[in-house]
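Numbering (the working numbering), first residue to last: 31 to 192. In this text, a Cβ means the ideal position worked out from N, Cα and C, and glycines have one as well. A quick note: this is a predicted structure, and the numbers were derived from the prediction, not measured. In what follows, a single structure is set out as structure tokens and then discussed.
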Amino acid sequence: MKNKIKHIMSNKQKTKGQAVVEMALVLPIFIFIIIGIFDFGRSMHCLSNLKHQCIQAARAGTKRIRPLVAKNLFTPTTHPTVASITEAFWQNQSPMMPLKSYNTDNPDNSPTIEGWGANSVSITVSATYDLEIITPLIGSLIGSQNKSGKIRLSATATEKKE
Numbered sequence: 031m032k033n034k035i036k037h038i039m040s041n042k043q044k045t046k047g048q049a050v051v052e053m054a055l056v057l058p059i060f061i062f063i064i065i066g067i068f069d070f071g072r073s074m075h076c077l078s079n080l081k082h083q084c085i086q087a088a089r090a091g092t093k094r095i096r097p098l099v100a101k102n103l104f105t106p107t108t109h110p111t112v113a114s115i116t117e118a119f120w121q122n123q124s125p126m127m128p129l130k131s132y133n134t135d136n137p138d139n140s141p142t143i144e145g146w147g148a149n150s151v152s153i154t155v156s157a158t159y160d161l162e163i164i165t166p167l168i169g170s171l172i173g174s175q176n177k178s179g180k181i182r183l184s185a186t187a188t189e190k191k192e
């Protein structure tokens with residue numbers, strides 16, 4: 031009888047050791063998946079917000095300032111200025127997206143605006159953003175061309191002028 035009890039006790043200790051080893055093997059993978067889901071959520075938030083910023087800026091640029099001027103005339107005096115379009119873009123910025131991560135060629139870090147002031151029927155607003163990935167391995171695997179650990183997100187919105 032005592033031998034059976036000793037045998038059962040030794041099996042429980044082996045099982046506890048096995049559970050610890052299994053947990054040590056699975057825990058890093060589990061944490062990696064959780065952080066990956068977090069990075070995916072961040073990237074979706076930044077992409078949707080960047081698209082929203084472009085849409086709102088394009089809408090701000092399409093509104094006609096002088097409604098009594100001919101409807102088929104598109105000049106710099108009939109529609110808002112570039113400064114007001116840029117202001118509409120920055121009003122919709124997410125607090126999670128720092129200004130330094132926006133990637134533009136303009137000196138004031140403003141989005142690219144096409145079709146403003148020209149005899150164009152539409153306005154196109156484009157912007158790019160470099161999102162830094164938190165997950166270490168994923169960042170090195172899917173980094174953009176020039177920056178390791180970052181993903182370049184871009185958005186474009188085109189709106190027809192009023």
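Given a cut-off of 8 Å, decide if residue j and residue i are closer than it, judged by their beta-carbon atoms.
i	j	result
S140	T116	yes
A157	I85	no
N133	D160	yes
E192	R94	yes
Let me make sure I understand the geometry here. Which of the options has the alpha-carbon closest to that of residue i?
i	options	result
T165	A54, Q48, I59	I59
V155	Q83, F62, I65	Q83
T111	R72, A90, K130, S124	A90
K81	T107, F70, G47, N122	N122
K190	A54, Q48, H109	H109
I143	L183, I95, S114, Y159	S114
M126	A87, R94, D69, R96	D69
S184	S78, I95, G145, E52	S78
L167	I61, S131, D138, E192	I61
C76	D138, S124, G145	S124
Taking residue i as part of the alpha helix (DSSP H), name the residues at either end of that continuous run.
i	result
T116	112 to 121
Which residue comes first and which comes last in the beta strand (DSSP E) that contains residue i?
i	result
S152	152 to 162
I143	142 to 144
Which of the three DSSP states is assigned to residue i in this structure?
i	result
R182	strand
E214	The structure shown does not extend to residue 214, since the chain spans only 31 to 192, so no value can be given for it.
A148	coil
Between residue i and residue j, what straight-line distance do the alpha-carbon atoms span, to the nearest angstrom?
i	j	result
E63	T92	Going by the sequence as given, residue 63 is Ile instead of Glu. C-alpha separation (whole angstroms): 44 Å.
I65	G71	10 Å
G179	I153	33 Å
R182	L129	14 Å
T107	A148	11 Å
A49	A118	56 Å
A54	I67	21 Å
R96	W120	24 Å
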